[in-house]
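Reviewing the structure listed below.
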Amino acid sequence: MSFSMPPWVRTLSIIQRHTAHYIYAIFLVFGVTGCCLNILLLCGRRKFRTVTCCVYMAAASIIMLINLSLGIGTTLFLLNPRHFYFLSPTFSRINTYLLQVTSMMYRWCLVAASFDRYALTSTDLNLRNFAKMHVARRTIVIIIVAWIVLPIHNLIYNTGNMNSSNIYYNAPLLYYHSIFTLTAGCIFPATIMITCAFLTHHNLVLKQKRRQFIIAQHGGNNIEARDQERRRDRQVLLLLIVQVIVFLITIIPLMCSHFYNAMTLNIKNKSIERMTIERFAAYLASLSVYLFPTLSFYLYTMTSSMFRSELKKLIRFILRCNCLRQNVRIEPVGNNIKHRPVTRH
Numbered sequence: 007m008s009f010s011m012p013p014w015v016r017t018l019s020i021i022q023r024h025t026a027h028y029i030y031a032i033f034l035v036f037g038v039t040g041c042c043l044n045i046l047l048l049c050g051r052r053k054f055r056t057v058t059c060c061v062y063m064a065a066a067s068i069i070m071l072i073n074l075s076l077g078i079g080t081t082l083f084l085l086n087p088r089h090f091y092f093l094s095p096t097f098s099r100i101n102t103y104l105l106q107v108t109s110m111m112y113r114w115c116l117v118a119a120s121f122d123r124y125a126l127t128s129t130d131l132n133l134r135n136f137a138k139m140h141v142a143r144r145t146i147v148i149i150i151v152a153w154i155v156l157p158i159h160n161l162i163y164n165t166g167n168m169n170s171s172n173i174y175y176n177a178p179l180l181y182y183h184s185i186f187t188l189t190a191g192c193i194f195p196a197t198i199m200i201t202c203a204f205l206t207h208h209n210l211v212l213k214q215k216r217r218q219f220i221i222a223q224h225g226g227n228n229i230e231a232r233d234q235e236r237r238r239d240r241q242v243l244l245l246l247i248v249q250v251i252v253f254l255i256t257i258i259p260l261m262c263s264h265f266y267n268a269m270t271l272n273i274k275n276k277s278i279e280r281m282t283i284e285r286f287a288a289y290l291a292s293l294s295v296y297l298f299p300t301l302s303f304y305l306y307t308m309t310s311s312m313f314r315s316e317l318k319k320l321i322r323f324i325l326r327c328n329c330l331r332q333n334v335r336i337e338p339v340g341n342n343i344k345h346r347p348v349t350r351h
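Take 7 as the starting number for the sequence shown in our numbering and just add one per residue.
Below, the structure written as structure tokens:
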């Protein structure tokens, strides 16, 4: 009995097979370049180094660089059929663990950055104490340690294949993995970031009203400084809102994927059409996972004029160093031989 797949099933398989190499390679090049520039700017420029929010963003950029290199690098490596023999259960466990660890770390660093902006604009002194440099460093350490420990189940059980029928796969554990990733990696970070964005906007509106009241009471003193502060607050709010929107857009496919995995875990004897659609949806979800780390630098550059200004200064500094290095004149060794002191033994 012959069986022929519908044309659209073959089309989805062809699209996935022929686009994966190119899209992942583009993500890797632009993502690694952007993360490296983020790290250079946020760690190398004093204006950013002394801001607690930028410390969280720098930590997130370092972790995103590791996440992109591990995740996309491994995917591109395994797309070659000759490398399938590397796909052992041990390799799958370690790879799944490292990807979840780095993904959770950078997401919660972004959450901490959002809360830091809210705390800094608050009138509550206890909240404002959160926006201190030593608190930021401790928070980053806590995030790193917590997410090294919490996904440890990935090292014990192979949770990479959610639809496996192997008897060694524990269905309750896979339910736990899907729900854990959905809540801790998607719902909680997104909810906290949205809440912090609204609260930051509310605090900045109150701050603007207080500023206008002071101007009305004391006249036009320090108008330029107040305008500069208002522009800075507006940039911070715009960057936070855009970051939250892009984060939500890129995280929604992953949320849907994990929710679907949890709901369909016990379904067996799936048709070829359904399995093809599931594989293609998982492929799109995997692309969306790497979209935010890839776009982060370009997002900050388009949104913040201060970020663009510091980037221009960094580029000019690098070009100036290259010009000075090229203009260094090297004297021939022979010209100075007669002037050398003679050492007598």
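Just so it is clear, CB atoms sit at the ideal spot from N, CA and C, and this is done for glycine as well.
Please check the pair T108 and N132, which I expect to be a contact at CB under 8 Å, by giving their CB distance rounded to whole angstroms.
Contact flag wrong, Cβ pair sits at about 32 Å.
Quick check on P12: does DSSP put it in helix, strand or coil?
The answer is coil: DSSP assigns P12 none of H, G, I, E or B.
Of all the beta strand (DSSP E) runs that stay within the bounds of the region 244 to 270, which reach a length of 3 or more residues?
Runs found: none.
With DSSP collapsed to three states, give me the class of I321.
Reduced to three states, the DSSP call for I321 is helix.
Work out the CA separation of L243 and I198 for me, nearest whole Å.
Taking the straight line from one Cα to the other gives about 15 Å.
Look at E316 and L76 and say whether their C-beta atoms are less than 8 Å apart.
For E316 and L76, no; Cβs fall outside 8 Å.
Going by CA-CA distance only, name the one from F265, N44 and L188 that's closest to E284.
Of F265, N44 and L188, the residue nearest in Cα terms is F265.
Alpha carbon to alpha carbon, how far is T25 from Q249?
Those two C-alpha atoms are separated by around 27 Å.
Do I45 and A64 have their C-beta atoms closer together than 8 Å?
Yes, they are a contact pair.
Using a Cβ-Cβ cutoff of less than 7 Å, which residues in the same chain neighbour H207 once the five nearest sequence positions on both sides are dropped?
Counting only Cβ-Cβ distances below 7 Å, and skipping sequence neighbours, we find L243.
Is it true that the CB of R123 sits closer than 8 Å to the CB of C202?
In contact: C202 and R123 (Cβ atoms closer than 8 Å).
Under the rule that 16 or more other beta-carbon atoms within 10 Å means buried, what is C41, buried or exposed?
Buried: at least 16 other Cβ atoms inside 10 Å.
So, with DSSP's three-state summary, where would you put M56?
The sequence as given places Thr at residue 56; Met does not occur at that position. Coil, per DSSP.
Pick helix, strand or coil for Y306, following the three-state DSSP scheme.
Here Y306 sits in helix by DSSP.
How big is the Cα-Cα spacing for M111 and I29?
M111 and I29: Cα-Cα distance of roughly 24 Å.
When the Cβ atoms of the region 178 to 198 are set against those of the region 251 to 269, are three or more pairs found closer than 8 Å?
The region 178 to 198 is in contact with the region 251 to 269.
According to the neighbour-count rule (16 or more other Cβ atoms, all chains shown, within 10 Å of its Cβ), is S170 buried or exposed?
Bear in mind that a pLDDT of 47 at S170, under 50, signals an unreliable position, so the model cannot answer this.
Could you give the C-beta distance for L179 and Y163, rounded to a whole number, given that I count them as a contact under 8 Å?
About 5 Å; that satisfies the 8 Å criterion.
Using a Cβ-Cβ cut-off of 8 Å (strictly less than) and excluding sequence neighbours within five positions of N56, which residues of its own chain qualify?
Rather than Asn, the amino acid found at residue 56 in this sequence is Thr. M139.
Can you tell me which of the three DSSP states A129 falls into?
Reading off the sequence shown, one finds Thr at residue 129, where the question assumed Ala. T129: coil per DSSP, three-state reduction.
Assign F136 to one of three DSSP states: helix, strand, or coil.
F136 falls in the coil class under three-state DSSP.
Less than 8 Å between the C-beta atoms of T127 and L246, yes or no?
It is not a contact, given that the beta carbons lie outside the stated cut-off.
Tell me whether K274 sits in a helix, a strand or coil according to DSSP, three-state version.
If DSSP states are grouped into helix, strand and coil, K274 belongs with coil.
Secondary structure at S184, three-state DSSP: helix, strand or coil?
It is helical.
At what residues does the alpha helix (DSSP H) containing I162 begin and finish?
Counting along the chain, the alpha helix (DSSP H) containing I162 begins and ends at H159 to I162.
Among I69, V61 and V151, which one has its Cα closest to the Cα of G356?
Outside the shown range of the chain (7 to 351) lies residue 356, about which nothing can therefore be said.
Within a Cβ cutoff of 8 Å, which residues of the same chain sit near R51, ignoring the five residues on either side of it in sequence?
Cβ within range, chain order: E316, K319 and L320.
Determine the direct distance from the alpha carbon of I32 to that of N328, and round the result to whole angstroms.
Approximately 28 Å between the Cα atoms of the pair.
By Cβ distance, which residues of its chain are closer than 7 Å to Y103, with the 5 residues on each side in sequence left out?
Same-chain partners within the cutoff: P157, N160 and L161.
Nearest by alpha-carbon distance to F121: which of I278, A152, T270 and I200 is it?
F121 has its Cα closest to that of I200, out of I278, A152, T270 and I200.
Pull up the CB-CB distance for A196 and L254, whole angstroms please, since I reckon it's below 8 Å.
That belief holds up - the Cβ atoms of A196 and L254 are roughly 6 Å apart, short of 8 Å.
Determine the closest residue to Y306 out of S67, T17, P12 and V35, with distance taken between C-alpha atoms.
The shortest C-alpha separation from Y306 is found at S67.
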